[in-house]
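Note that the protein sequences, when read in sequence, are chains A and B.
All letters in the first sequence, in the order written, are residues 202 to 723 by this note's numbering.
All letters in the second sequence, in the order written, are residues -10 to 107 by this note's numbering.
We put the beta carbon where it would ideally sit given N, CA and C, even for glycine.
If you're wondering where the values come from, they're calculated on a predicted model, not measured in any experiment.
In what follows, a single structure is set out as structure tokens and then discussed.
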Amino acid sequence: MPAHLLIILPLVIPFVAAVAALLFARRPGVQKGINIASMTGILAASGALLVRLQAEGILVTTIGDWPVPFGIVFVVDHLSVIMLIVSAIIGVAVAIYAVPDADSTRVRFGFYPFFNLLMIGINGAFLTGDLFNLYVWFEVMLISSFVLIVLGNTDEQLAGAVKYVVINLVSSLLFLAGVGLVYGMTGTLNMAELSVALADVGQPGLVTVVAMLFLISFGIKAALFPLFFWLPASYHTPPASVSAFFAGLLTKVGVYALFRVFTLLFTQDVGYTHTLLLWGAGLTMVTGVLGAAVQNDFRRVLSFHIISQIGYMIMGLALYTPLAILGGVFYIVHHIIVKANLFLVSGVAKRLRGSYSLKSLDGLYAYHPWLATLFVIPAFSLAGFPPLSGFWAKLILTIAGIEVGAYWIVAVAVAVGLFTMFSMTKIWVKAFLPGGGGDAADAVGPLRPGTRVMYAPIAGLAALTLMISVFAGPVYDLAERSANELHNSSEYVEAVLDHEKSVADSASRPGVDGGAGDVYAR
Amino acid sequence: METLIALVTGTMVAVGVYLLLQRDLIRKIIGVVVLSNSIHLLIFAMGRMTRAASPLIPPGQKYPPEGIANPLSQALILTAIVIGFGLLAFSLVLIYRLYESRGTVDADAIIEATLGDE
């Protein structure tokens, strides 16, 4: 299959699946099958993209065959493909998990179509090489996530969703303002061309101001300190399959966008912007983990830990050495899998005991030892227990931090790791070990139908965590390739702009040598 | 012209932010609308203000002549308006449903009720 077709498959597959799911609106069984097939298809397409990427270098396609500065480009580099694969894995896991978990009301009101639409938005954001197009994909993702978060219409969901919706609308507006200002300064929105053009603007102060707009906007989406308050207020309200999908992927799309713009576009004043990112990272880690310490709801504890873990990823970006970025990318891979899995575990616990409250879960280990085992793997990986995947991620970041002499952030990272251990142990002691509540035995009845199905994706993700732990090499190599591409963006820029040249040569267009900036904006 | 648009944009941002800081959720949403329109104006101004020909390509030619008005910023704004409209419709329905279930659109009252539940 030609590369330009392969690149758009991660968008086409969920789109076709969303339409097909709408056609079978009255046949939930068919919709479930379509959904699993769609997610598996995306995974296969992403895997194929990785193979092509390894063989041919960065893949570029122009949509509608509009030449590069005018049209929209989709670019597949190592970071994109890593994100695509990991999100597709979570997609498959959640699709299987949702079979028993998504109730008939939610399915009737479009759970599966919107699940696929959300996937389009996420994949589009990973693929696009155009700044305005990135905004559009963010909006596709947002509107689908809005619907998924309120689907079911419980009072708690509505109250959580209002916070989520309003703050995300503001974040999108800031992003749009940033896009407008960048366009005004350079006359282009193609990220590769911007990477060159922003360096020549001649007003470094203005570029830094715009960089701050992007930092705030993506910071809200990634739940960076001090912009994270919407996350613990809303993520614990929808059903487990939705919150696992959100927890694993949505904030990470924000992190991906930060990685993209702060390596490709805004590298003029690294001393200022990346120092600010580093402070943000440190404070994010600390506040997240302290917030988790006082919570007593399974999913709220996990929500606060999303925030503290975001800090580690941004720490990798902020240190801005190849090794640190490598650590950040490794951390993203590890975190998405582990965090989604923990939310899935919490959903099973809720199904078994009817509550997310740690107090009423009491004593799960005695009656459901397998669930307890499957909790321990991601939980201790999250805390960075050797030799699990979280340990390698933290180790790389620690070494990267010591290399550049940023000792305070390393100290913070290690201390936060200890606190994470405390939180995970708290869940373990309160929810899994018998605490003398006395009512533990009462609640154990026969398994509700379908609960066994939910164990499958949890076991799969736990096995994947173990794989990354034991065979960290391949993931490390991929992350290293992506870190090199990100740290030295010329490869990305050349791949996109050379694509322009080869297309321009074959089409031999007169009179448009100057590019979009000269023809239109000036 | 640029100065006028800049002043209008600035005023609208101020109005939008003021409304966003209100407790009433409906006012918050109106604030978002005003803010988004101010940003559309910003993009419009960023495409440069020109008194020029419409961006049309004469018959028989493949490219527009020099000195045309910038069509790209208008296309961007149009896209943003459509997206903004969809989000606005969703937010209004969401707030209406919340009003049905809580009987108020005051953010403080809703937060207090939520805290009371826990």
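### Query
Per the contact definition of three or more C-beta pairs closer than 8 Å, is the stretch 235 to 248 of chain A in contact with the stretch 202 to 211 of chain A?
yes
### Query
Can we count A:A423 as close to the ligand SAH, meaning its CB is less than 7 Å from some heavy atom?
Although the ligand SAH was asked about, the structure shown includes no ligands whatsoever.
### Task
Count the other CB atoms, across all protein chains shown, that sit within 10 Å of the CB of A:I600; report buried if there are 16 or more and exposed otherwise.
exposed
### Query
Along the stretch 325 to 340 of chain A, what residues have a CB closer than 9 Å to any CB found in chain B?
F333, Y336, V337, E340
### Query
Going along chain A in order, which residues have a C-beta closer than 7 Å to the C-beta of B:F79?
I344, F347
### Task
Could you check the C-alpha separation between A:Y656 and A:M202 for me, to the nearest Å?
36 Å
### Message
Using beta carbons (cut-off 8 Å, strictly below), is A:V471 in contact with chain B?
### Response
no
### Task
Check A:A497 in the structure and name its three-state DSSP category.
The question names Ala, but residue 497 of chain A is Asn in the sequence shown. If DSSP states are grouped into helix, strand and coil, A:N497 belongs with coil.
### Message
Against chain A, does B:R40 count as a neighbour if the rule is that its beta carbon must be under 8 Å from one of theirs?
### Response
no
#### Entry: In DSSP terms, what A:F275 is bridged to
A:T262, A:T329
### Query
Unbroken beta strand (DSSP E) runs of length 3 or more, entirely within the stretch 515 to 560 of chain A: which are they?
none
### Query
For the stretch 2 to 30 of chain B, which residues have a beta carbon sitting closer than 8 Å to at least one beta carbon of chain A?
L9, L14, K17, I18, V21, L24, S25, I28
### Task
State buried or exposed for B:M(-10), treating a residue as buried only when at least 16 other CB atoms are found within 10 Å of its CB.
exposed
### Integer Cβ distance of A:A663 from A:I578, believed to fall under 8 Å
4 Å
### Query
Rounded to the nearest angstrom, how far is the Cβ of A:P270 from that of A:E394, given a contact under 8 Å?
6 Å
#### Entry: Residues in the stretch 80 to 91 of chain B having any Cβ partner in chain A nearer than 8 Å
S80, L83, I84, R86, L87, S90, R91
### Query
Between the beta-carbon of A:G385 and the beta-carbon of B:M35, is there less than 8 Å?
yes
### Query
Is there a Cβ from chain B that is less than 8 Å from the Cβ of A:L377?
yes
### Message
Taking 8 Å as the threshold (beta carbon to beta carbon), is A:A642 in contact with chain B?
### Response
At A:A642 the pLDDT is 49, less than 50, meaning the model places this residue with poor confidence and gives no usable figure here.
### Query
Do we get a CB-CB distance below 8 Å when we pair A:D356 with the residues of chain B?
yes
### Message
For the alpha helix (DSSP H) containing A:A663, name the first residue and the last one.
### Response
652 to 671
### Task
Throw me the rounded Cβ distance for the A:A256 and A:I235 pair, which I believe falls under 8 Å.
About 31 Å separates the two Cβ atoms, so there is no contact after all.
#### Entry: Buried/exposed call for B:I28, threshold 16 Cβ in 10 Å
buried
#### Entry: A:N391 (DSSP reduced to helix, strand or coil)
strand
### Query
So, does the CB of A:G322 fall closer than 8 Å to a CB anywhere in chain B?
no
### A:L565 versus A:R653, A:A632, A:E604, residue with shortest Cα-Cα distance
A:A632
### Query
Hey, does A:G381 have any beta-carbon neighbour from chain B nearer than 8 Å?
yes
### Query
Any beta-carbon of chain A closer than 8 Å to the one on B:I72?
yes
#### Entry: A:L748 versus A:I259, A:F310, A:V276, residue with shortest Cα-Cα distance
Because chain A in this structure spans residues 202 to 723, residue 748 of chain A falls outside the shown range and cannot be described.
### Message
According to DSSP, simplified to helix, strand and coil, what is B:I57?
### Response
strand
### Query
Which one or two residues does DSSP pair with B:G42 in a beta bridge?
The sequence given here places Ala at residue 42 of chain B; Gly does not occur at that position. Answer is B:I57.
### Message
Using beta carbons (cut-off 8 Å, strictly below), is B:I32 in contact with chain A?
### Response
yes
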